[in-house]
Every structure is written in structure tokens, then in C-alpha cells.
Amino acid sequence: MSGTCSICRHLLAFAALVLLAGAAGCAGLNGMGEVMPGRVAMLSNCSECHRIFMPEEYTKEEWAPILDRMLPLVSLGEEEKMALRAYILRNSR
Ligand code: HEC
Numbered sequence: 669m670s671g672t673c674s675i676c677r678h679l680l681a682f683a684a685l686v687l688l689a690g691a692a693g694c695a696g697l698n699g700m701g702e703v704m705p706g707r708v709a710m711l712s713n714c715s716e717c718h719r720i721f722m723p724e725e726y727t728k729e730e731w732a733p734i735l736d737r738m739l740p741l742v743s744l745g746e747e748e749k750m751a752l753r754a755y756i757l758r759n760s761r
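Just so you know, the numbering used here puts the end of the sequence shown at 761, numbered straight through with nothing missing.
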């Protein structure tokens with residue numbers, strides 16, 4: 669059988685996500701040694717349409733309206749969106 673291998677592509681995408689999440693797991697530890705699910709959610713969901721914008725790139729005031737526009741674009745549950753928003757605002761400039 670030939671043709672496009674959609675399973676392969678999914679596996680590749682999944683592997684990339686795992687790598688991202690792995691990196692996030694290390695860098696995402698805060699002082700308390702607590703993993704930040706918001707960071708993982710950001711790295712894996714906010715790079716679909718553009719590069720990742722890091723929290724430090726904007727102030728809290730700038731992020732608020734941006735997040736109001738961007739969060740509806742990602743398919744995450746309410747809790748994950750709240751974690752994502754909290755992570756970005758906490759680490760904003
Ligand atoms: C469905 C596509 C899509 C997804 C998913 C998405 N964005 Fe965007 N984003 C855009 C587009 C298009 C622009 C540029 C045009 C605009 O500003 O609306 C943009 C612009 C931005 C900007 C630039 C600032 C600005 O005011 O334009 C930031 C920061 C941003 N996105 C953050 C995020 C974050 C954080 C997430 C994850 C929660 C996210 N985006 C998910 C489409 C997306």
C-alpha cells in the first residue's frame with residue numbers, strides 16, 4: 669500500500685508534542701518544583717497558527733486582550749485555558 673500515511677504523520681506530530689512537553693516539563697518547574705500545566709498547554713496549543721509568543725514578550729495589560737482573542741481559538745477545556753492564562757499572566761513582563 670502506498671499513498672499518504674496519515675498515521676505516520678499523526679505519530680510524528682505526537683512525537684513532536686511529547687518532545688515539547690518534555691522540554692516544558694524541565695523548564696516549566698517553578699521554584700517549588702511544581703510542574704506548570706499552563707506552560708505545557710501554551711507550548712502545545714499556541715503554536716498552531718504562529719510561532720510561540722513567550723509570556724515575557726508582553727505586559728500583563730497587553731496580554732489580557734490578546735488572551736481574550738486567542739484562547740477561544742484553541743480547543744482546550746475551561747480548566748486548561750485558565751491554567752494557560754494564569755501561567756502567561758504570572759510570567760508576563
Ligand atoms: C487559530 C489560529 C491561532 C491560534 C490557535 C492562536 N493564535 Fe495567536 N494569533 C493568530 C493570528 C491570526 C494572529 C495575528 C492576527 C491577530 O492579531 O488577530 C495572532 C496573534 C497573536 C499574538 C500577537 C499579538 C497581537 O496582538 O496580535 C499573540 C501574542 C498571540 N497570537 C498569542 C497566542 C496564544 C498565547 C495562543 C494560545 C492560547 C494563540 N495565540 C493561539 C492566530 C492564532
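For every residue, glycine included, the Cβ atom is placed at its ideal position computed from N, Cα and C.
Just so it is clear, the structure is predicted and the values come from calculations on it, not from any experiment.
Straight-line gap, residue i to residue j (C-alpha atoms, nearest Å)
i	j	result
residue 705	residue 759	13 Å
residue 719	residue 746	23 Å
residue 740	residue 761	23 Å
residue 727	residue 750	18 Å
Unbroken alpha helix (DSSP H) run spanning residue i, endpoints
i	result
residue 708	705–713
residue 750	746–758
residue 737	728–738
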